[in-house]
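Written below as structure tokens is the structure these notes are about.
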Amino acid sequence: AQKVTQAQTEISVVEKEDVTLDCVYETRDTTYYLFWYKQPPSGELVFLIRRNSFDEQNEISGRYSWNFQKSTSSFNFTITASQVVDSAVYFCALSEAVDAGNMLTFGGGTRLMVKP
Amino acid sequence: DTEVTQTPKHLVMGMTNKKSLKCEQHMGHRAMYWYKQKAKKPPELMFVYSYEKLSINESVPSRFSPECPNSSLLNLHLHALQPEDSALYLCASSHRQGDYEQYFGPGTRLTVT
Chain H
46 AQKVTQAQTE ISVVEKEDVT LDCVYETRDT TYYLFWYKQP PSGELVFLIR RNSFDEQNEI
106 SGRYSWNFQK STSSFNFTIT ASQVVDSAVY FCALSEAVDA GNMLTFGGGT RLMVKP
Chain Z
132 DTEVTQTPKH LVMGMTNKKS LKCEQHMGHR AMYWYKQKAK KPPELMFVYS YEKLSINESV
192 PSRFSPECPN SSLLNLHLHA LQPEDSALYL CASSHRQGDY EQYFGPGTRL TVT
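Protein chains in written order, with the numbering used here: chain H, 46 to 161; chain Z, 132 to 244.
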């Protein structure tokens with residue numbers, strides 16, 4: 046069975062600090078997909094990134110970067126020079142390719158608070 | 132355009148009421164989803180529609196009744212709900228049911244009194 050663990054339930058940083066959100070996953074599949082979503086206080090989940098299991102290249106998008114390491118089953122998310130607008134709950138999620146239902150398994154979420 | 136819209140934003144209903152939640156997307160997606168999210172928890176999948184047919188029902192009580200009138204619309208009909216059904220109800224869509232990313236709407240915050 047697939048499982049996603051986000052060990053950090055809450056993180057508080059001061060604006061302009063860098064912050065890394067951890068995500069560890071479990072799956073028996075060799076083909077799977079990993080996602081990060083942001084949920085601001087307004088409630089909408091905003092898609093940030095999708096990564097498939099065959100692509101271990103790290104990705105950078107502006108202040109956001111993702112580190113995918115299959116050896117440690119981790120898909121960590123770093124925000125550089127954090128801003129108050131980054132305050133939100135961040136969910137890591139996993140989808141297995143053999144599961145035709147495309148059921149996203151979410152981690153418990155990490156609440157990030159960026160203080161001015 | 133990656134927008135999924137949901138109405139209403141807020142809904143308060145009594146346990147004997149009948150109400151409906153609506154969801155709409157115009158991205159040409161053929162898979163649509165309903166999720167329920169309680170405070171400080173991740174979303175929980177309720178239903179999946181693929182090509183307007185119900186594909187997955189995650190053992191949801193019959194007081195929740197989904198409907199997909201066409202490829203752009205998804206409804207969730209509510210009847211005889213319980214106070215514990217109070218939650219944020221999120222709709223999502225994806226290109227196909229499979230490994231594609233899902234795009235979520237802003238949700239309907241439901242309170243059952």
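For each residue, glycine too, the CB sits at the ideal point set by N, CA and C.
Which of helix, strand or coil does DSSP assign to residue i?
i	result
residue 117 of chain H	helix
residue 191 of chain Z	coil
residue 200 of chain Z	strand
residue 215 of chain Z	helix
Give a yes or no on whether the C-beta atoms belonging to residue i and residue j are separated by under 9 Å.
i	j	result
residue 137 of chain Z	residue 242 of chain Z	no
residue 218 of chain Z	residue 194 of chain Z	no
residue 80 of chain H	residue 95 of chain H	yes
residue 121 of chain H	residue 66 of chain H	yes
residue 125 of chain H	residue 74 of chain H	no
residue 180 of chain Z	residue 192 of chain Z	no
residue 166 of chain Z	residue 155 of chain Z	no
residue 84 of chain H	residue 133 of chain H	yes
residue 127 of chain H	residue 69 of chain H	no
residue 98 of chain H	residue 123 of chain H	no
residue 227 of chain Z	residue 202 of chain Z	no
residue 216 of chain Z	residue 207 of chain Z	no
residue 237 of chain Z	residue 140 of chain Z	yes
Within 10 Å of its beta-carbon, does residue i have 16 or more other beta-carbons around it, so buried, or fewer, so exposed?
i	result
residue 225 of chain Z	buried
residue 205 of chain Z	buried
residue 42 of chain H	Chain H is shown only over 46 to 161; residue 42 of chain H falls outside these bounds and no answer can be derived.
residue 213 of chain Z	exposed
residue 177 of chain Z	buried
residue 168 of chain Z	buried
residue 129 of chain H	exposed
residue 143 of chain Z	exposed
So residue i and residue j are in contact, right, with Cβ under 8 Å, and what is the actual spacing, rounded?
i	j	result
residue 154 of chain H	residue 50 of chain H	Wrong, their Cβ atoms sit about 11 Å apart, outside the cutoff.
residue 233 of chain Z	residue 182 of chain Z	With 8 Å as the limit, residue 233 of chain Z and residue 182 of chain Z do not qualify as a contact, their Cβ atoms being about 16 Å apart.
residue 136 of chain H	residue 78 of chain H	Wrong, their Cβ atoms sit about 14 Å apart, outside the cutoff.
residue 160 of chain H	residue 60 of chain H	7 Å
- Could you run through the region 219 to 236 of chain Z and flag, in chain order, every residue whose CB is less than 9 Å away from some CB of chain H? Those would be 219, 221, 223, 225, 227, 228, 229, 230, 231, 232, 233, 234, 235 and 236, in chain order.
- Query: Closer than 8 Å, Cβ to any Cβ of chain H: which residues of the region 172 to 184 of chain Z, in chain order?
  - Reply: Listed in sequence order: 172, 173, 174, 176 and 179.
- Task: Taking only beta carbons into account, state which residues of the region 88 to 110 of chain H come closer than 8 Å to chain Z, listed in chain order.
- Result: Of all residues in the region 88 to 110 of chain H, 88, 89, 90, 91, 92, 95 and 97 have a Cβ within less than 8 Å of some Cβ in chain Z.
- Contact set between the region 120 to 141 of chain H and chain Z, restricted to residues whose Cβ is under 7 Å from the partner: Closer than 7 Å at the C-beta level to chain Z, one finds these residues of the region 120 to 141 of chain H: 136 and 140.
- Message: Please list, in chain order, the residues of the region 50 to 81 of chain H that have any C-beta partner in chain Z closer than 8 Å.
- Response: From the region 50 to 81 of chain H, only 78 and 80 have a Cβ closer than 8 Å to chain Z.
- Message: Tell me which residues of the region 144 to 167 of chain Z have at least one Cβ-Cβ distance to chain H shorter than 8 Å, keeping chain order.
- Response: Listed in sequence order: 162.
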